[in-house]
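A.B. asks: Following this message is one structure expressed as structure tokens.
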Amino acid sequence: METTDLLKRVRQIEIKTRGLSNDIFAGEYHSAFKGRGMTFSEVREYQYGDDIRNIDWNVTARFNHPFVKIFEEERELTVMLLVDVSGSRDFGTMSQTKKNMITEIAATIAFSAIQNKDKIGVIFFSDKIEKFIPPQKGKKHTLYIIRELINFEPENSNTDISMVLEYFTSAIKRRCIAFLISDFIDGDFDRAISLANRKHDVVALQVYDPRETELPNIGLMKVKDAETGERLWVDTSDRRLRMAYHNWWGENQINLQQVLAKSHVDYVSISTDQDYVKALMRLFKQRS
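In the UniProt record's numbering, the protein residues as written are 1 to 288.
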């Protein structure tokens, strides 16, 4: 992408996603993702309804009437985006590709993070770690992430979710929030996501295209596997073939839901023809 086109696209995404973060997600994000704990702030005089367990007995004895300790959330968090950049992200038959929706979702989360003074970092992955952007604060850093989301070209096209989860678990030492954004067609990552979620707080965001859920009845069609490059002719007029594909998709979704539920990972599935804002809001409210 030419530099001028890239900057224009970055600006468009910044305006849209920063606005969403400011107007919609600020409170929900803050409520959904807690800090590391509570730290002592100050003491004040006891008021009706205060928890008597917070009474500071030393100060109370000194002034001969009750005072309570006030605590505030130790807010600063680290947020990591684990972004699938394999070949299948370029697929899209509706208003946009999976890549475009993933970019907007990631940018919205990034702006929500910096608005709450959290650090934000990214791991781009295929079947290898394509790029690691260490977590930092600030608008400049977030705009750099958005540029990479738009313009980054991976070396490989296949997917390995277990690999990126193992790398993430090893590379990020302190507990953080991790958004794993993928179409999750790679289904063999049960153990890796369970281990990752024990150390960190992992949230799974599935982005898929409606056409991936079933084959259209349009006769003989040449298809290409975006990850392997394999091409073959498919007779979509064959009802049994269409049914087999539909069943494969359904079984894949059930397996994904079972794996994430077993690992206690929060999850939302978003189609490219749906409003991702509503989906994220629903997820954030469930966590609050």
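The C-beta atom is built at its ideal place from N, Cα and C for all residues, glycine as well.
Looking at Q206 and S182, is the spacing between their C-beta atoms short of 8 Å?
C.D. replies: yes
A.B. asks: Extract the residue ranges of the beta strand (DSSP E) inside the segment 93-172, only unbroken runs of 3 or more that lie entirely within it.
C.D. replies: Contiguous beta strand (DSSP E) elements confined to the segment 93-172 occur at 119-125, 129-136, taking only those with 3 or more residues.
A.B. asks: Looking only at its own chain, which residues have a Cβ that is under 8 Å from the Cβ of Q136, when we skip the five neighbours before and after it?
C.D. replies: K119, I120, G121
A.B. asks: Can you tell me whether DSSP reads S263 as helix, strand or coil?
C.D. replies: coil
A.B. asks: Using DSSP's beta-bridge definition, name the partner residues of S182.
C.D. replies: Q206
A.B. asks: Quick check: the Cα distance between V277 and E42, rounded to an integer number of angstroms?
C.D. replies: Near 38 Å, if we compare the C-alpha coordinates of E42 and V277.
A.B. asks: Please report the straight-line C-alpha distance between G138 and K117, rounded to a whole angstrom.
C.D. replies: 8 Å
A.B. asks: Which term fits E104, buried or exposed, when burial requires 16 or more other beta carbons within 10 angstroms of its beta carbon?
C.D. replies: buried
A.B. asks: Between which two residues does the alpha helix (DSSP H) harbouring residue 299 extend?
C.D. replies: Residue 299 cannot be examined here, being either before or after the span of the chain that is shown, 1 to 288.
A.B. asks: R231 bridges to which residues according to DSSP?
C.D. replies: K224
A.B. asks: Mind checking which residues open and close the alpha helix (DSSP H) that includes V59?
C.D. replies: Counting along the chain, the alpha helix (DSSP H) containing V59 begins and ends at 57-63.
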